[in-house]
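Chains as they are written, first to last, in numbering that gives the first Met the number 0: chain R, 0 to 342; chain S, 0 to 342.
Protein chains: 2
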Amino acid sequence: MVRFVDVGNINRWAAETGVERILTDMVEYIERDFRRWPSFDKAPRVASHSPLGVIELMPTSDGETYGFKYVNGHPSNPSRGLQTVTAFGVLADVQSGYPTFWSEMTVLTALRTAATSAMVARALARPASHTMAMLGTGTQSEFQALAFRGVLGLNRLQVWDTDPAALDKFLRNLAPLGFEIVVATSAADAVFGADIITTCTADKANATVLTDEMVEPGVHINAIGGDCPGKTELDAAILLRGDVFVEFTAQTRIEGEIQQMDPDFPVTEIWQVLAGQAVGRRDDRQITVFDSVGFAIEDFSALRFLQDAVDHTTFYTDIDLVADPDDPKDLFGLVTAGSPALV
Amino acid sequence: MVRFVDVGNINRWAAETGVERILTDMVEYIERDFRRWPSFDKAPRVASHSPLGVIELMPTSDGETYGFKYVNGHPSNPSRGLQTVTAFGVLADVQSGYPTFWSEMTVLTALRTAATSAMVARALARPASHTMAMLGTGTQSEFQALAFRGVLGLNRLQVWDTDPAALDKFLRNLAPLGFEIVVATSAADAVFGADIITTCTADKANATVLTDEMVEPGVHINAIGGDCPGKTELDAAILLRGDVFVEFTAQTRIEGEIQQMDPDFPVTEIWQVLAGQAVGRRDDRQITVFDSVGFAIEDFSALRFLQDAVDHTTFYTDIDLVADPDDPKDLFGLVTAGSPALV
């Protein structure tokens, strides 16, 4: 039997456990896997592009457990009442090849993206950071806010979005949770005085959400929205002024903010900082940029975290996914066991 | 909601519908897709290798529907009471990126492999064929026998396997179904006088199941077992004497019998024969070889066939796989809707 976490169960789990606690705990799973980064099989994701979007498969393996995520990205989906990004994922046993765990990952991707951001900010932002600017208050925004509070203790948010309904939704969801929230009058207003700037907008275009003159020395920039070819958010000048940290260089050069730069533009892989093999922040005036695109190992960590978290709970169901005849060579006998008459 | 066909439901469907009828109907779905082969996105499969086996993702798309299969291959699994190959698959809507259909595919892969073999034999074997030799009576063998009877009317089987238990199992399963079955004393004995030779052995090795002198003029060889790097079944001399037909040349050169040959060894893609763009059999003395490795489009066709076949039946269940908040930007509100207290 394969354990399956459907949408109802993951929502029940998140609501009963608490999103902030989940995010805080998940960071430890992701960081542990980033520290052993070289032990993972890092196959490139396989993309199938169409005029309206992309469907991708993102596999990885640590030699014991195999995992993959199915994820789509369709920027025009919200105009039809659909999610831009939906996902599901599977874990399997490398020894037997049998799937063991299967989960919805629309919610889980939102959680792991926020947890990864907070993990990176813990390594790169100034220790005394207490204010975060958020440009974009869409699907990902509340998860980011809770992850940063849970992991860094950040409590003040300066937010801005061009969509007033998205701002209203953000306030409705987070105001009851004890944040100090300032709704800015512009992106520049939101960014002013912030220790950390999170950009998470969803347009599939090379936009400039953040311009160079808005960025003060010492800031950490958590750039979430530039995550596919042709989609960026940052002024290229910011990348030149700051130091850029990435998940997996080969992928980020295609999908991240650095697609604007030369192919040899210097970057540091964040796992090296976490493993003590590279320097993160050098001083309080340095600008650090996390050029986040999302990588398969984060999904792997999130799936393993969820698998452990729902063990001995009612937040999963067993599904019969693997045909398993008593005699491994007699699949036919299994298939036709209930045959009423002739086959 | 996504429709899900689990092991219990596919077995119930197969037993109640009849395996031979399913195979015969499925051939038409596969052939229709092979005839429009150029309209498919043919991404390479993504393999994750380990000492004991391989886990692969096989995606494809026709621009309207996207499909992929997860499949493992672990030759030592039967020694631990497990299946060598298990699989599951998903269909999705290209316009929205949302998954729509999800099924076990261990059974479905067995069905589509046999249906593909029979489809190819209908195009390549001599029209008057009535006897098939089968070298290997493992998991795939009964499905092959029923597909060839359903599609070509073949009723006489000359079978051989080095494992007496596998032979017994084959007889137990198929003798009640009206076949004329002869258990041979050797591979050469099984092949003698046969119109079609099916090789389906499972060793992960370069073995020679069929040697050149066993093969008489006019025979069609349905070579199933050579399906991954380092695994072949045929004497290379047979490939030189006959004409070789493949699914997708680039993949077969790596995985099929022709991995033994030079990279420019001439082959014909079977879709071209089915679409009337290439010649299949020229005369009654020509040896034709189908070097089968299995391709993503066959899985796509099989999934679409199953999706149509179970529509308006009780052979599927609805599962909640896609988180779909009323406001697409308010995933957080959906996740925390049932929150008892603080998030």
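Idealized CB from N, CA, C, for every residue including glycine.
Fewer than three pairs of CB atoms, one per stretch, sit closer than 8 Å, so the region 278–287 of chain R makes no contact with the region 307–323 of chain R. Within chain R, D329, F331, G332, T335 have C-beta atoms less than 8 Å from the C-beta of N172/S, given in sequence order. Not flagged as an interface residue toward chain R: E212/S, since no C-beta distance is shorter than 7 Å.
In the pairwise beta carbon analysis, the region 181–196 of chain R is classified as not touching the region 52–71 of chain R: fewer than three pairs are separated by under 8 Å.
The Cβ atoms of M118/S and E254/S lie no closer than 7 Å to each other. Look at P77/R: its C-beta is under 7 Å from a C-beta on chain S. Annotated three-state conformation of P50/S is coil, per DSSP. With distances taken between CA atoms, F87/R lies nearest to V106/R out of G135/R, V106/R, G17/R, T136/R.
Counting along the chain, the unbroken beta strand (DSSP E) around G88/R starts and ends at 86–92. The secondary-structure analysis by DSSP pairs W101/S across a beta bridge with F3/S, V89/S. Under the Cβ distance rule, K68/S does not count among the residues neighbouring chain R, no pair being separated by less than 7 Å. Cα atoms of A144/R and S95/R: separation of roughly 40 Å, rounded to the nearest angstrom.
DSSP, reduced to helix, strand and coil, places Y315/S outside both helices and strands of the structure shown, so it counts as coil. Any Cβ of chain S closer than 7 Å to the Cβ of K168/R would place that residue at the interface, and such an atom is present.
Contact between the region 192–199 of chain R and the region 219–235 of chain R is present: 3 or more CB-CB pairs across the two stretches fall below 8 Å.
Straight through space, the alpha carbons of T251/S and K230/S are spaced by roughly 12 Å. For a cut-off of 8 Å, the C-beta gap from E19/S to G149/S is around 5 Å, short enough to register as a contact. In the three-state scheme derived from DSSP, where H, G and I count as helix and E and B as strand, P175/R is classed as helix. Annotation for L134/R: the continuous beta strand (DSSP E) segment containing it runs 130–134.
T198/R is bridged by DSSP to L134/R, A222/R. By the C-beta criterion, the region 212–222 of chain R is judged to be in contact with the region 284–302 of chain R, since at least 3 inter-stretch pairs fall below 8 Å. The beta carbon of P58/S falls within 7 Å of a beta carbon belonging to chain R, placing the residue at that interface. Within the region 174–186 of chain S, those residues whose Cβ lies closer than 7 Å to any Cβ of chain R are, in chain order, L176. Residue-level contact by beta carbon holds for L320/R and chain S, with a gap shorter than 7 Å. Pairing F331/S with E141/R gives a Cβ-Cβ distance under 7 Å. The continuous beta strand (DSSP E) containing V70/S extends over residues 64–72.
Residues of chain R with a Cβ closer than 8 Å to the Cβ of F294/S do not exist; the shortest Cβ-Cβ separation is about 15 Å. The Cβ atoms of A301/R and V334/S do not sit closer than 7 Å to each other. In the DSSP assignment, the residues bridged to F289/S are N221/S, F244/S. Assignment of R280/S by DSSP, reduced to helix, strand and coil, places it in the coil class. Contact between the region 288–298 of chain S and the region 236–249 of chain S is present: 3 or more CB-CB pairs across the two stretches fall below 8 Å.
Interface annotation, Q82/R: in contact with chain S, CB-CB separation under 7 Å. Of the residues assessed, E55/S falls on the buried side of the cut-off, its CB having 16 or more other CB atoms within 10 angstroms.
The beta strand (DSSP E) runs lying completely inside the region 10–56 of chain S and spanning 3 residues or more are 45–49, given in chain order.
As DSSP reads the structure, S60/R sits in a beta bridge with D40/R, Y65/R. Scanning chain S for C-beta atoms nearer than 7 Å to the C-beta of T138/R yields K328, L330, reported in chain order.
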